[in-house]
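For the protein sequence lines, the chains are U and S, in the order given.
Mapping of the first sequence onto my numbering: position 26 corresponds to residue 26, and the numbering continues sequentially without gaps.
Take any residue in the second sequence, note its place counting from 1, add 121, and you have its number in my numbering.
The beta carbon of each residue, even a glycine, is placed where N, CA and C say it ideally should be.
Data first, discussion second: the structure below is written as structure tokens.
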Amino acid sequence: QVQLVQSGAVVKKPGASVRVSCKSSGYTFFGYHIYWIRQVPGQGLQWLGRVDPNTGVTNYAQNFQGRVSMTSDTSISTAYMDLDSLGSDDAAVYFCARGRYVSTHVLFDFWGQGTLVTVSS
Amino acid sequence: DIQLTQSPLSLSASVGDRVTITCRASQSIGTSLNWYQQSPGKAPKLLIYLAASLQHGVPSRFSGGGSGTNFTLTINSLQPEDFATYYCQQSYRNPPMFTFGPGTKVDI
Numbered sequence: 001q002v003q004l005v006q007s008g009a010v011v012k013k014p015g016a017s018v019r020v021s022c023k024s025s026g027y028t029f030f031g032y033h034i035y036w037i038r039q040v041p042g043q044g045l046q047w048l049g050r051v052d053p054n055t056g057v058t059n060y061a062q063n064f065q066g067r068v069s070m071t072s073d074t075s076i077s078t079a080y081m082d083l084d085s086l087g088s089d090d091a092a093v094y095f096c097a098r099g100r101y102v103s104t105h106v107l108f109d110f111w112g113q114g115t116l117v118t119v120s121s
Numbered sequence: 122d123i124q125l126t127q128s129p130l131s132l133s134a135s136v137g138d139r140v141t142i143t144c145r146a147s148q149s150i151g152t153s154l155n156w157y158q159q160s161p162g163k164a165p166k167l168l169i170y171l172a173a174s175l176q177h178g179v180p181s182r183f184s185g186g187g188s189g190t191n192f193t194l195t196i197n198s199l200q201p202e203d204f205a206t207y208y209c210q211q212s213y214r215n216p217p218m219f220t221f222g223p224g225t226k227v228d229i
């Protein structure tokens, strides 16, 4: 069965960087884009960007351009999200999700369990 | 940027009720809209895609409709496990942006 398993919760200091991993199984990894979405506790969902594991091509939300980097390692079916210069407003649960295309429409059909990133001095 | 609004932002209902949630886009997105359900402490779960298509395994009491700028999610005969927060999300592709609505919390 399709599964996306993320790395565990982390605590980072302001100004530091964080890497979250997302290991996929149960499907052909390079056949689907991986999307990253975050959720500040008690708030809504915010799309950060996506990576195509087949080509390495990325697209980032404008708010995160220059501060986020998304990569993948097809040999271990794992995607990564790096976020730099953390501030207190980056404290959130970060999700990865598999993007499936129906015609030209994208939907997020499987999600990781989420990774809590705490930013504290 | 395309913005999504939802109404209501919260509602109280009872088991067996019929509930309708509305999502409005700031510009036409055709049928490029998905609906997700999120229970506390869990990842979102896809319910409806392309505005009206039911995701495999989702109960038929969930249905979606609409196109352009106005969309609805209807839950017929609300069940205890349906008390959750519901998000709409658009997937307009040029340029890629995947905005979510603010969410509608359905509680007892």
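Just mark Asp203/S as buried or exposed, buried being the case when its beta carbon has 16 or more other beta carbons within 10 Å.
-> Looking at its Cβ environment, which holds 16 or more other Cβ atoms inside 10 Å, Asp203/S is buried.
Option in Ser72/U, Thr28/U, Trp47/U with minimal Cα separation from Gln65/U | Trp47/U
Taking 8 angstroms as the cut-off, decide whether the C-beta atoms of Tyr35/U and Cys96/U are in contact.
-> Yes.
In chain U, which residues lie less than 8 angstroms from Thr190/S when you measure between Cβ atoms?
-> Correct list: empty, because the minimum Cβ distance to chain U is about 17 angstroms.
Within the 8 angstroms Cβ cut-off, does Phe183/S reach chain U?
-> no
Gln124/S versus Val11/U - alpha carbon distance | C-alpha separation (whole angstroms): 32 angstroms.
Taking only beta carbons into account, state which residues of the stretch 124–136 of chain S come closer than 7 angstroms to chain U, listed in chain order.
-> none
Would you say Leu168/S faces chain U, with C-beta separation under 8 angstroms as the test?
-> no
Taking the continuous beta strand (DSSP E) assigned at Asp52/U, which residues delimit it?
-> First-last for Asp52/U: undefined, no H or E at that position.
What residue range is occupied by the uninterrupted beta strand (DSSP E) comprising Leu107/U?
-> For Leu107/U, the enclosing beta strand (DSSP E) begins and ends at 105–111.
C-alpha gap between His33/U and Tyr101/U, whole angstroms | 9 angstroms
As assigned by DSSP and simplified to three states, the class of Asn124/U = Nothing can be reported for residue 124/U: it is not among the residues displayed for chain U, which extend from 1 to 121.
Where the stretch 26–54 of chain U meets chain B: residues whose CB sits under 9 angstroms from a CB there | You won't find chain B in this structure, because its protein chains are U and S.
If the cut is a Cβ gap below 7 angstroms, which residues of chain U does Pro180/S touch?
-> Result: empty, since nearest Cβ-Cβ is about 17 angstroms, beyond 7 angstroms.
The stretch 91–109 of chain U: positions lying closer than 7 angstroms to chain S by Cβ | Phe95, Val102, Thr104, His105, Val106, Leu107, Phe108, Asp109
Measure the alpha-carbon distance for Lys226/S versus Gln43/U and round it to whole angstroms.
-> 11 angstroms
I think Tyr80/U touches Ser88/U, with their Cβ atoms under 8 angstroms apart; what is that distance to the nearest whole Å?
-> Incorrect: roughly 23 angstroms between the Cβ atoms, too far for contact.
Since Lys12/U is in the beta strand (DSSP E), which residue starts that stretch and which ends it?
-> 10–12
Collapsed DSSP secondary structure at Ile37/U in the structure displayed | strand
Could you tell me which chain U residues have their CB closer than 7 angstroms to the CB of Gly224/S, listed as they occur along the chain?
-> Gly44
So Tyr94/U is in the beta strand (DSSP E); what residue range does that whole segment cover?
-> 92–102
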